[in-house]
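Visitor: Read top to bottom, the protein sequences are chains V and R.
For our numbering, count along the first sequence from 1 and bump the result up by 12.
Quick note on numbering: our numbering labels position 507 of the second sequence as 487, and the sequence is numbered without any gaps.
Glycine residues also receive a C-beta, built at the ideal position from the N, C-alpha and C atoms.
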Amino acid sequence: MEKNFNLFINGVGGQGILTLLQIIAEAALMERYDVKTSELHGLSQRGGSVEVHLRFGKTIYSPLVSQGGADLIISLEAQESLRGCHFASKETIFLVNDFFIPIPNRKIKDKKEILKEIKKFSQKIIFIPASEICQKGVGAKITAGIFLLSYASVNNLIPLKPHAISKAIKKVIPKKYLDLNLKTFKLAK
Amino acid sequence: MREILLNRPGKKIILLGNEAIIRGALESGVNFVSTYPGTPASEIGNVFSKIAKAAGVYFEFSTNEKVALEAGAGASFSGLKSLVAMKHFGLNVASDALMPLCYIGVEGEMVILVADDPSCWSSAQSEENTRAFAYLAHIPILEPSNPQECKDFTKLAFKLSKKFKIPIMIRVTTRVSHQKCPVKLDKLPKIKRKLGKFIKNPEKFSTMPPRVLEMKRELLEKIEKIKEFSEKSEINLIEQLATSNKRQEGGIVTSGISYQYIMEAQKELNLKLPVLKLAFFHPLPEKKIKKFIKNLKKVLIIEELEGYLEKEIKAFAKDINPKLQVFGKNLLSEIGELHPEDVTFALARFVGRKYASGDIFRYRSKYKISTPDSVFQKRPPQLCPGCPYWLVLSAVNKVVDPKKVIFGGGIGCYMIFRLPPIEMQDYLSCMGSSIGIAHGIKKASGQKLITFIGDSSFFHAGIPALINAVVNKSNPLIIILDNRTTAMTGHQPHPGVGKTGMGEKTRAIKIEDIVQACGVKYFKVIDPINQKEFIKTIKDFLKKKEVSVIVSKRPCLFVKNK
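1) Quick check for students: name the residue ranges of the beta strand (DSSP E) that lie wholly in the stretch 184 to 219 of chain R, counting only runs of 3 or more.
2) Rank Phe438(R), Lys512(R), Tyr83(R) by C-alpha distance to the C-alpha of His118(R) and give the top, closest one.
3) Can the beta-carbon of Ala90(V) be found less than 8 Å from the beta-carbon of Asn109(V)?
4) Let's test the definition: count the other Cβ atoms within 10 Å of the Cβ of His68(R) and tell me whether it reaches 16, buried, or not, exposed.
5) Does chain R have any CB closer than 8 Å to the CB of Val108(V)?
6) Which word fits Arg344(R), buried or exposed, when buried means at least 16 other C-beta atoms lie within 10 angstroms of its C-beta?
7) Establish whether the CB of Ala176(V) and some CB of chain R are separated by less than 8 Å.
8) Under 8 Å, CB to CB, which of the residues in the stretch 358 to 392 of chain R have a partner in chain V?
9) Using a Cβ-Cβ cutoff of 8 Å, what residues of the stretch 0 to 24 of chain R are near chain V? List them in chain order.
10) Between which residues of its own chain and Val42(R) is the CB-CB distance below 6 Å, once the five residues before and five after are set aside?
11) Give me the subset of the stretch 45 to 73 of chain V whose CB atoms are less than 8 Å from a CB atom of chain R, sorted by chain position.
12) Using three-state DSSP, classify Leu522(R) as helix, strand or coil.
13) Return the Cβ separation of Ile391(R) and Met411(R) in integer angstroms, given the expectation that the two are a contact with Cβ distance under 8 Å.
14) DSSP state of Gly81(V), grouped into three classes?
15) Taking 8 Å as the threshold (beta carbon to beta carbon), is Phe356(R) in contact with chain V?
16) Please name the residue in Val64(R), Gln496(R), Val331(R), Ile430(R) whose C-alpha comes closest to that of Val10(R).
17) Pick helix, strand or coil for Met79(R), following the three-state DSSP scheme.
18) Evaluate contact between the stretch 413 to 428 of chain R and the stretch 489 to 504 of chain R, counting only Cβ atoms and requiring at least three cross-stretch pairs below 8 Å.
19) Could I get the ranges of all uninterrupted alpha helix (DSSP H) runs contained in the stretch 357 to 407 of chain R, with 4 residues as the minimum, in chain order?
20) Check Gln544(R) in the structure and name its three-state DSSP category.
21) Go to Val150(V), then tell me how far its alpha helix (DSSP H) extends in each direction, as first and last residue.
22) Does any residue of chain V have a CB that is nearer than 8 Å to the CB of Leu(-5)(R)?
23) Go through the stretch 457 to 506 of chain R residue by residue and report every complete run of the alpha helix (DSSP H) that reaches 4 residues or more, in order.
24) With burial defined as no fewer than 16 other Cβ atoms inside 10 Å of the residue's Cβ, what is the status of Met13(V): buried or exposed?
25) For chain R, is any of its Cβ atoms less than 8 Å away from the one on Asn256(V)?
26) In this structure, does DSSP put Arg155(R) in helix, strand or coil?
27) Does DSSP put Pro508(R) in a helix, a strand or coil?
28) Residues of chain V with CB under 7 Å from Met243(R), in chain order?
29) Buried or exposed for Asn452(R), please, with buried defined as at least 16 other CB atoms from any protein chain shown within 10 angstroms of its CB.
30) Using a Cβ-Cβ cut-off of less than 8 Å, list which residues of the stretch 520 to 536 of chain R approach chain V; keep chain order.
31) Should Thr234(R) be counted as a contact of the ligand MN given a C-beta to heavy atom distance under 7 Å?
32) Consider the Cβ of Val166(V): report whether some Cβ of chain R lies at a distance smaller than 8 Å.
33) So, is Gln135(V) buried or exposed, given that buried needs 16 or more other C-beta atoms within 10 angstroms?
34) Work out the CA separation of Gln34(V) and Gly366(R) for me, nearest whole Å.
35) Can you list, in chain order, the residues of its chain with a C-beta nearer than 7 Å to that of Ile417(R)? Leave out the 5 residues immediately preceding and following it.
36) Tell me, please, whether the stretch 35 to 53 of chain V touches the stretch 61 to 69 of chain V by the rule of three or more beta-carbon pairs shorter than 8 Å.
Here is the structure:
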């Protein structure tokens, strides 16, 4: 891989984004890349917006993705994908969970509005009902992030092999929940 | 988590900046660790509370940061190696203890970790630049830029502390604390919980005048010696990126996370300007800096928040290169953290190039608030569904018209009272101040006032304020939100819980006992699920001419073993 890979992930506190980030970082290390992440703790949880960055490649300095510099944006909640826009360029792929968590006292943005807004930045948008797929497939929508990551890997949206991802899942996820996550991993095609 | 105790030298594992600091302390053979939890420093306590026993380390969550620092000082006076951790405004609280400690110096090594939070990602009260404490306390400050350096600098800090008998500060920022990258492990020494020994020596440990001024002299002499070390040390690094011998007209001075951004920016703009990366903020390697800037036409200083480095370098330039053009805060904001594109932009301007990132071009003036543009407003944090605070709010709302009552706020989950749909917070300042300010408002205006304070905040800094309100005869209604944990920061125990930082059972200090001992006549402990009683008590207490306190006791949803 010549160029560094820049990934931005966001969603809402409680969706398991930090765990997802750890899995990707471990997978990148297994593939012998230099890797850096940046995450936020504390006040950003409690149902607030959560945004994390991950970059891997030959040599990584900044843990943050630059404005317009993301190769892939994974959003675990549909409206939050809009917060990824300033990291997007025409080449950026948006992989968005077709799943909405309403915000108190604010009108929900529907899919049409979201698509219209994202298209100002990039045409490469993939909307997938990941939470729904996980709910049906494994009985828990909390693994939507694992599904989206697996989907990205299987479909070459991220230069990390599915094998490395599943190995990283085994390393990071506690035994109790491992089966659930590995099953989710297999749902992705 | 246990990977942090892995004894496999040479192996690379992924660590968070804060975890790397822990690992560095463990590799240095740390014996005694104390902290008060605060993001972005909270993992230090969270991890030690899990591994302390296995690692042979004593660990405690102290009542506040000042006490944490004093505990560490006592351990150090007794010859043990100590690590004390806190967030930036924790250091404000601890500063009273810090100043004399730097005078006294240490016996056993001591490292103080302070985590700043540019952009206030998890800080309600202020955005601070802890570098300023170098001027006030004369404490040496090291600034790592990634997790590997977090570990390496921590180890160096322990060594320096041993050599120069002085506490050393590691200053990190959110993007270092909460940055992950592979970190190379070194050997983990076998540590056994050991006892130190305090050897009487008042000449050394007591600041009583006239000795105190001699101590100041000794401190300044130590700093001179550390400065010599700083001059020679390779961790203040000059990176010559250009391969040709052609002299560059421009150079860059930076430190901490800003280094990572400027290296990225050079790559992006295909530039190879020499970079002086400073690991020491204090004492600065003056000679090294002067040598670096001597033959430059212009220099670009990349630093977050206030331009302390820039000021220093401007002063050095006056001596050695008065014509030097200094760029820095004329291109970068003093408010909020830096983003990589801000730095690329500054570098482009510095070399006279145009730069636009993506579709958005942003100019950062000195006082522009540096937050990324977004087409979608950030989702505000909320009280969890089922949070016991909802019950408290419901009761208060039934008794008073929120528009006609002043509500005091404090640091914790109840900060969220400021936001819609609750909007019941008329002031918010710092730990404990909800009572202190309530007293002042009551005394000054006599207006109706209800103030909230969390359980951990109450122990931390609320007690002196409560005593003050009682003795000086004001009458706020204080509602202590006792949810049996330090919830906002990650559910660490506090003195009311009956559990130490190492998970041992201990005496639980009852808030109501303290309230009573402070001389409060009207107080009640109520589970807010008993709405009727809660409502009646609020009504009743609001009429009192003396201080009244309701201890609202109901555990946070996430407290285990209720």
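Guide: Judging by the given coordinates:
1) DSSP runs (the beta strand (DSSP E)) wholly in the stretch 184 to 219 of chain R: 217 to 219.
2) Position 138 of the second sequence, counting from 1, holds the residue named residue 118(R). With distances taken between Cα atoms, His118(R) lies closest to Tyr83(R).
3) Along the first sequence, one-based indexing puts residue 90(V) at 78. Along the first sequence, one-based indexing puts residue 109(V) at 97. Going by C-beta atoms, Ala90(V) is nearer than 8 Å to Asn109(V).
4) Translated into the one-based positions of the second sequence, residue 68(R) becomes position 88. His68(R) counts as buried, since at least 16 other C-beta atoms from the protein chains shown sit within 10 angstroms of its C-beta.
5) Reading the first sequence from its first residue, position 96 is the one you call residue 108(V). Residue contact check for Val108(V) against chain R: no CB pair falls below 8 Å.
6) Numbered from its first residue, the second sequence carries residue 344(R) at position 364. Bear in mind that a pLDDT of 49 at Arg344(R), under 50, signals an unreliable position, so the model cannot answer this.
7) Translated into positions along the first sequence, residue 176(V) becomes position 164. With 8 Å as the cut-off, Ala176(V) does not count as an interface residue toward chain R.
8) Taken in chain order, the members of the stretch 358 to 392 of chain R whose beta-carbon sits within less than 8 Å of a beta-carbon on chain V are Lys358, Arg359, Pro360, Pro361, Gln362, Leu363, Cys364.
9) Listed by position, the residues of the stretch 0 to 24 of chain R near chain V (Cβ gap below 8 Å) are Thr19, Pro20, Ser22, Glu23.
10) For the purposes of this step, residue 42(R) is taken as the residue at position 62 of the second sequence. Reading off the sequence shown, one finds Ser at residue 42(R), where the question assumed Val. Closer than 6 Å at the Cβ level, and outside the excluded window around Ser42(R), lie Ser14, Tyr16, Ala48, Ala51.
11) So the close ones are Asp46, Val47, Lys48, Thr49, Ser50, Glu51, Leu52, His53, Gly54, Leu55, Ser56, Gln57, Arg58, Gly59, Gly60, Ser61, Ile72, Tyr73.
12) On the second sequence, position 542 is the one that residue 522(R) refers to. If DSSP states are grouped into helix, strand and coil, Leu522(R) belongs with the helices.
13) For this step, residue 391(R) is matched to residue 411 along the second sequence. For this step, residue 411(R) is matched to residue 431 along the second sequence. Correct: roughly 5 Å between the Cβ atoms.
14) Start at 1 with the first residue of the first sequence, and residue 81(V) comes out as number 69. Three-state DSSP puts Gly81(V) in coil, outside helix and strand.
15) The residue labelled residue 356(R) in the question sits at position 376 within the second sequence. Yes, contact with chain V.
16) As a working mapping, residue 10(R) is identified with position 30 in the second sequence. Here the closest residue by C-alpha is Val64(R).
17) The residue you call residue 79(R) lines up with position 99 of the second sequence. Helix.
18) No, the stretch 413 to 428 of chain R does not touch the stretch 489 to 504 of chain R.
19) Those alpha helix (DSSP H) runs which fall completely within the stretch 357 to 407 of chain R and span 4+ residues are 368 to 379.
20) No answer is possible for residue 544(R): it lies beyond the span of chain R, which begins at -19 and ends at 542.
21) Counting from one through the first sequence, the residue named residue 150(V) turns up at place 138. Where Val150(V) is concerned, the enclosing alpha helix (DSSP H) stretches over 142 to 150.
22) By 1-based counting over the second sequence, the position of residue -5(R) is 15. Closer than 8 Å: no.
23) Every alpha helix (DSSP H) stretch that sits fully inside the stretch 457 to 506 of chain R and reaches 4 residues is listed by chain position as 467 to 470, 491 to 497.
24) On the first sequence, position 1 is the one that residue 13(V) refers to. Under the 10 Å beta carbon count, Met13(V) is surrounded by fewer than 16 other beta carbons and is classified as exposed.
25) This structure cannot settle anything about residue 256(V), because the visible part of chain V is limited to 13 through 201.
26) Residue numbering aside, residue 155(R) sits at position 175 when the second sequence is read from its first letter. Helix at Arg155(R).
27) Against the second sequence, residue 508(R) aligns to sequence position 528. Assignment of Pro508(R) by DSSP, reduced to helix, strand and coil, places it in the coil class.
28) The count along the second sequence starts at 1 and reaches residue 243(R) at position 263. Taking the beta carbon of Met243(R) as reference, the chain V residues within 7 Å of it are Tyr73, listed in sequence order.
29) The residue given as residue 452(R) occupies position 472 in the second sequence. In the assembly as shown, Asn452(R) is an exposed residue. Its beta-carbon has fewer than 16 other beta-carbons within 10 Å.
30) Per Cβ criterion, the list is empty.
31) For the structure depicted, the ligand MN is absent and the ligand set is empty, with no information on it obtainable.
32) Here residue 166(V) refers to the residue found at position 154 of the first sequence. For Val166(V), no CB of chain R lies under 8 Å from its own CB, so it is not counted at the interface with that chain.
33) The residue you call residue 135(V) lines up with position 123 of the first sequence. Of the other Cβ atoms in all chains shown, fewer than 16 fall within 10 Å of the Cβ of Gln135(V); this residue is therefore exposed.
34) Walking along the second sequence from the start, residue 366(R) turns up at place 386. Walking along the first sequence from the start, residue 34(V) turns up at place 22. The straight-line gap from Cα to Cα measures roughly 29 Å.
35) One-based indexing of the second sequence puts residue 417(R) at position 437. Same-chain partners within the cutoff: Gly388, Tyr407, Ser409.
36) Output reads yes: the stretch 61 to 69 of chain V touches the stretch 35 to 53 of chain V.
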